[in-house]
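Only one structure is covered here, and it is reproduced in the block below.
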Amino acid sequence: MSLAVTLSRAQEGVAAPQVMVEVHLSGGLPGTSIVGLPEAAVREARDRVRVAIQNTAFEYPNRKVTVNLAPAELPKDGGRFDLAIALGILAAGNQVPRERLDECEFLGELALSGDLRGVSGVLPALLRARARRRRVVVPRANAAEAALVSDADVRVADTLAEVCGWLRGGQDLDTPETASAGGDSTFGPDLIDVRGQLQARRALEIAATGGHHLLMSGPPGTGKTMLAERLPGILPPLTESEALETCAVRSVAGHAVDPALWRRRPFRAPHHTASAVALVGGGSQPRPGEISLAHNGVLFLDELPEFSRHVLDVLREPLESGSIVISRAARQCTFPAQFQLVAAMNPCPCGYAGDPRPRCHCTPDQIARYRSRISGPLLDRIDLCVEVPRVPLADLGAPRSIYDEDSATVRARVIKARTHALMRAGRPNGEISTRELERDCALGAAERQWFEAALERLGLSARAYHRVLRVARTIADLDGGAAALERSHLAEALQYRRF
Numbered sequence: 424m425s426l427a428v429t430l431s432r433a434q435e436g437v438a439a440p441q442v443m444v445e446v447h448l449s450g451g452l453p454g455t456s457i458v459g460l461p462e463a464a465v466r467e468a469r470d471r472v473r474v475a476i477q478n479t480a481f482e483y484p485n486r487k488v489t490v491n492l493a494p495a496e497l498p499k500d501g502g503r504f505d506l507a508i509a510l511g512i513l514a515a516g517n518q519v520p521r522e523r524l525d526e527c528e529f530l531g532e533l534a535l536s537g538d539l540r541g542v543s544g545v546l547p548a549l550l551r552a553r554a555r556r557r558r559v560v561v562p563r564a565n566a567a568e569a570a571l572v573s574d575a576d577v578r579v580a581d582t583l584a585e586v587c588g589w590l591r592g593g594q595d596l597d598t599p600e601t602a603s604a605g606g607d608s609t610f611g612p613d614l615i616d617v618r619g620q621l622q623a624r625r626a627l628e629i630a631a632t633g634g635h636h637l638l639m640s641g642p643p644g645t646g647k648t649m650l651a652e653r654l655p656g657i658l659p660p661l662t663e664s665e666a667l668e669t670c671a672v673r674s675v676a677g678h679a680v681d682p683a684l685w686r687r688r689p690f691r692a693p694h695h696t697a698s699a700v701a702l703v704g705g706g707s708q709p710r711p712g713e714i715s716l717a718h719n720g721v722l723f724l725d726e727l728p729e730f731s732r733h734v735l736d737v738l739r740e741p742l743e744s745g746s747i748v749i750s751r752a753a754r755q756c757t758f759p760a761q762f763q764l765v766a767a768m769n770p771c772p773c774g775y776a777g778d779p780r781p782r783c784h785c786t787p788d789q790i791a792r793y794r795s796r797i798s799g800p801l802l803d804r805i806d807l808c809v810e811v812p813r814v815p816l817a818d819l820g821a822p823r824s825i826y827d828e829d830s831a832t833v834r835a836r837v838i839k840a841r842t843h844a845l846m847r848a849g850r851p852n853g854e855i856s857t858r859e860l861e862r863d864c865a866l867g868a869a870e871r872q873w874f875e876a877a878l879e880r881l882g883l884s885a886r887a888y889h890r891v892l893r894v895a896r897t898i899a900d901l902d903g904g905a906a907a908l909e910r911s912h913l914a915e916a917l918q919y920r921r922f
């Protein structure tokens, strides 16, 4: 029989659909053809595979070789199918046994020497293969990434010859060393470095507890970036499933995954010249953008009004849905984007509006135009807006006060308060639905009357109404997890809607 089948996996967003590599040897003029919607890099595999097989001391069939990558409607790109194609050709020619191919999946690009090179998107493929209880063979260059999936059956190899020897019953292939179970989830700048800014620190703690979006406004050099960089350090540690989701996005993007920091929440800070595609992802072969690379972490946009308004407005949908769908003529990919937005801006073009010293020379029209670069619908989706004023120089050199807490102290309060939300709704307050909001944010008659009057005076939208309630719920959780919202919780939440 001159037909053999091997299994591999394609890359489609963060999904990894299975691909059957069918190889058939027949009579006719010698040659190799690859069908099944392959793109250029896959079509070129016929030359890579042929030379790699010959340099591994195997015989390349002097027959017509037809390779079919099924399903045919799924686009295939990259060199990830090289190993599966090579093994299929060798099995069809009875040079390696077919029986052991049925229980394995193969990923890897072949060098002309027969060495295996690493490929992107290995982690999503391993997660899918684990669900199917299949063994996966990957290049040693992907061993660190494969080690993150502790209960997956993975083997790593350096060369095609090693894999063939293993299939023939020779020496067993190595297994990747298991990654640290905890990783380093708290590494990073500490909140103790920030002096003063009690209101901003309070807003940061509320944002961390409820997963709320935060906008800080203030003159240059007041600590806005310092505060934003310290937000990941006070967030609760990632669960294993969240960490694997985050690493899967990095894997698809072709970024290296550090086994020592795989449980650390991502912090992405794109420059204000970034395009919309860089932010949300795209390309003819869709790749994740900054919002997906910040999945389960923080996306920090410094100098917010300097971003193009079009670029900022593309954030509106993923802020609500927690995902981004990228559609192109040939394919459509969905990437996760459950990120926490933290933004910083100056109050005016020169940066000194409202400063006690008369340093600002901007006209009211200039200030209005500067702030209008941020659309109202985007601001409506930001839960907390806080001013970060200049810290007096005398306070910078003064001894630390009891309010200058470190990240570990604040993180303990955040975890305790978020536990209330998780026990109540199974998710942070910033992500609860409207129905859950009505259930968990009960207001007394007097509180409701006062709250509705305050909303009317401020002219807030229905979306803002629900967002204020979510923030108030978080404040109540920090206040001991009170079942009913009090006026003090609502008043504090309302003060963060001023912009």
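With this note's numbering, the residue at position 162 of the sequence shown is 585, and numbering never jumps.
Just so it is clear, CB atoms sit at the ideal spot from N, CA and C, and this is done for glycine as well.
{"Item": "When the Cα of residue 752 is compared with those of 709, 873, 585, which residue comes out closest?", "Value": "709"}
{"Item": "Leaving out the 5 sequence neighbours to the left and right, which residues in its chain are closer than 8 Å to residue 847 when beta-carbon positions are compared?", "Value": "863"}
{"Item": "Residue 370: buried (16+ other C-beta within 10 angstroms of its C-beta) or exposed?", "Value": "Only positions 424 to 922 of the chain appear in the structure, and residue 370 is not among them; the question remains open."}
{"Item": "So which of 717, 654, 574 has the shortest CA-CA distance to residue 831?", "Value": "654"}
{"Item": "So, helix, strand or coil for residue 828, using DSSP?", "Value": "coil"}
{"Item": "Do residue 893 and residue 860 count as a contact pair if the criterion is CB distance below 8 Å?", "Value": "yes"}
{"Item": "Rank 775, 879, 733, 867 by C-alpha distance to the C-alpha of residue 911 and give the top, closest one.", "Value": "867"}
{"Item": "List the DSSP bridge partners of residue 746.", "Value": "759"}
{"Item": "Where does residue 789 sit, in a helix, a strand or coil, going by DSSP?", "Value": "helix"}
{"Item": "If you run the structure through DSSP and keep just helix, strand and coil, what is residue 478?", "Value": "helix"}
{"Item": "Taking only the alpha-carbon atoms, compute the straight-line gap between residue 764 and residue 782 and give it to the nearest angstrom.", "Value": "30 Å"}
{"Item": "Would you call the region 699-715 and the region 766-774 in contact, with 3 or more CB pairs under 8 Å?", "Value": "no"}
{"Item": "Residue 689 to residue 611, Cα distance in whole Å?", "Value": "11 Å"}
{"Item": "By the three-class DSSP mapping on this structure, what secondary structure does residue 457 have?", "Value": "strand"}
{"Item": "Can residue 901 and residue 626 be called in contact, C-beta distance under 8 Å?", "Value": "no"}
{"Item": "For residue 742, which residues of its own chain have a beta-carbon under 6 Å away from its beta-carbon, when the five flanking residues on both sides are left out?", "Value": "804"}
{"Item": "Could you work out which residue in 673, 430, 754 is closest to residue 983 when comparing CA atoms only?", "Value": "Outside the displayed span of the chain (424 to 922) sits residue 983, for which this structure offers no information."}
{"Item": "For residue 834, which residues in the same chain have their Cβ closer than 6 Å to its Cβ, ignoring the five residues on either side in sequence?", "Value": "657"}
{"Item": "Which residue comes first and which comes last in the beta strand (DSSP E) that contains residue 487?", "Value": "487-493"}
{"Item": "Would residue 535 and residue 474 qualify as a contact pair, given that the criterion is a beta-carbon distance under 8 Å?", "Value": "yes"}
{"Item": "In or out: residue 881 buried (at least 16 other Cβ within 10 Å) or exposed?", "Value": "exposed"}
{"Item": "Secondary structure at residue 447, three-state DSSP: helix, strand or coil?", "Value": "strand"}
{"Item": "According to DSSP, is residue 562 helix, strand or coil?", "Value": "strand"}
{"Item": "Provide the residue(s) that pair with residue 679 in DSSP beta bridges, ordered along the chain.", "Value": "Answer is none; residue 679 lacks a bridge partner."}
{"Item": "Label residue 446 either buried or exposed according to how many other C-beta atoms from any shown protein chain fall within 10 Å of its C-beta, with 16 as the threshold for buried.", "Value": "buried"}
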